[in-house]
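Undergrad:
There are 2 protein chains.
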Amino acid sequence: MVTDQQHKPTESELEILQILWDKGNCTVREVHEILTLEKEAGYTTTLKLMQIMHEKGLVKRDTSAKTHIYTAIVNQQKTQEQLVTKLIDNAFNGSAARLVMQALGNHQSSKDEIEAIKEYLDKLEKQQ
Amino acid sequence: MVTDQQHKPTESELEILQILWDKGNCTVREVHEILTLEKEAGYTTTLKLMQIMHEKGLVKRDTSAKTHIYTAIVNQQKTQEQLVTKLIDNAFNGSAARLVMQALGNHQSSKDEIEAIKEYLDKLEKQQ
DNA sequence: TTGGTTATACGAATATTTTCGTACATTCGT
DNA sequence: ACGAATGTACGAAAATATTCGTATAACCAA
Numbered sequence: 000m001v002t003d004q005q006h007k008p009t010e011s012e013l014e015i016l017q018i019l020w021d022k023g024n025c026t027v028r029e030v031h032e033i034l035t036l037e038k039e040a041g042y043t044t045t046l047k048l049m050q051i052m053h054e055k056g057l058v059k060r061d062t063s064a065k066t067h068i069y070t071a072i073v074n075q076q077k078t079q080e081q082l083v084t085k086l087i088d089n090a091f092n093g094s095a096a097r098l099v100m101q102a103l104g105n106h107q108s109s110k111d112e113i114e115a116i117k118e119y120l121d122k123l124e125k126q127q
Numbered sequence: 000m001v002t003d004q005q006h007k008p009t010e011s012e013l014e015i016l017q018i019l020w021d022k023g024n025c026t027v028r029e030v031h032e033i034l035t036l037e038k039e040a041g042y043t044t045t046l047k048l049m050q051i052m053h054e055k056g057l058v059k060r061d062t063s064a065k066t067h068i069y070t071a072i073v074n075q076q077k078t079q080e081q082l083v084t085k086l087i088d089n090a091f092n093g094s095a096a097r098l099v100m101q102a103l104g105n106h107q108s109s110k111d112e113i114e115a116i117k118e119y120l121d122k123l124e125k126q127q
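The listed protein sequences correspond, in order, to chains A and B. Residue numbering for the first sequence is 0 to 127, as defined by numbering that gives the first Met the number 0. Residue numbering for the second sequence is 0 to 127, as defined by numbering that gives the first Met the number 0.
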């Protein structure tokens, strides 16, 4: 068993990570406030989750003041990569292209975004 | 609460669904054999999972013979869409484009696949 | 200073998912 | 015909993930 591999975040943890990635540093209160825009949750539930994330090494925290400040440790890119890989593997028979088309087909992208993707594809082709 | 929405498959269930989507019809034994190429698992574990999937309405089965034959009921496309949407939402701040680039960047795609994606993008642009 | 508000810690209840043992029925080869 | 192999059913343990109540400490405003 590989030991130094990143703990895979659960769904709830991912929700929190997103907020931390976005904001940088947050108190539990701030995270909780944002979370409860979308769904019902008790404050201590959020607190507990973040404490567990700390135990797992997903986040670090500054406890020098009464109100602790949390920051994501796990890298957003790396985590996204992990999740995408898993999904490709798990639901798209290993074909990234199929996932890409599925994603593009069902989600509105702006002209700019589409252009960006095309450029990216050109670059990939040249690399090959 | 919405009642007629598809039950979201768990990870283990998804592994099994993939096999069923691929093969069409399968016995528990067949599914189990394929599963255990990748990971350790007891036969009755696989059996139980498939029985649960049946209860949940993810699969149907023909029980006319001793050895039951299972078939996926849930649609592959729809399930993929559901999962992709969730991931975009959950880890990519709602940006499909970002997921797409992540997927393309880290997973080898053939020239043909890249071409297919490009064509697809052209079509999307024209639609806009 | 004192009471209300806002924190953290933490155990424990719930819920969900995964795993497996055991009982029992059917089938098949010899 | 009968024992081994193979199948299903099902309860329940184990592993994970989620939720929350309660104790207690720190802070702040009057």
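Glycine included, C-beta positions come from ideal geometry on N, C-alpha and C.
Closer than 7 Å, Cβ to any Cβ of chain B: which residues of the stretch 49–68 of chain A, in chain order?
TA: The residues in question: there are none.
Undergrad: Please name the residues in the stretch 105–118 of chain A whose beta-carbon is closer than 7 Å to at least one beta-carbon of chain B, in chain order.
TA: N105, H106, S108, K110, E112, I113, A115, I116, K117
Undergrad: Using CA coordinates, which residue listed in A:L36, A:C25, A:L48 is at the minimum distance from E12 (chain A)?
TA: A:L48
Undergrad: Would you say Q126 (chain A) faces chain B, with C-beta separation under 8 Å as the test?
TA: no
Undergrad: Can you tell me which of B:H6, B:L57, B:T70 puts its alpha carbon nearest to the alpha carbon of E29 (chain B)?
TA: Looking at B:H6, B:L57, B:T70, the one whose alpha-carbon comes closest to that of E29 (chain B) is B:T70.
Undergrad: Buried or exposed: L103 (chain B), going by 16 or more other Cβ atoms within 10 Å of its Cβ?
TA: The residue in question, L103 (chain B), is buried, as its Cβ has 16 or more Cβ neighbours within 10 Å.
Undergrad: Between the C-alpha atoms of G23 (chain A) and H6 (chain A), what's the straight-line distance to the nearest angstrom?
TA: 20 Å
Undergrad: Just the C-alpha distance for A90 (chain A) and K59 (chain A), rounded to the nearest angstrom, thanks.
TA: 33 Å
Undergrad: Expressed to the nearest angstrom, what Euclidean distance is found between the alpha-carbon atoms of S109 (chain A) and A64 (chain B)?
TA: 54 Å
Undergrad: Answer with buried or exposed for T45 (chain B), where buried requires no fewer than 16 other C-beta atoms within 10 angstroms of its C-beta.
TA: buried
Undergrad: At what residues does the alpha helix (DSSP H) containing A115 (chain B) begin and finish?
TA: 110–126
Undergrad: For A40 (chain A) and chain B, any beta-carbon pair shorter than 8 Å?
TA: For A40 (chain A), the answer is no, since every Cβ of chain B falls outside 8 Å of its Cβ.
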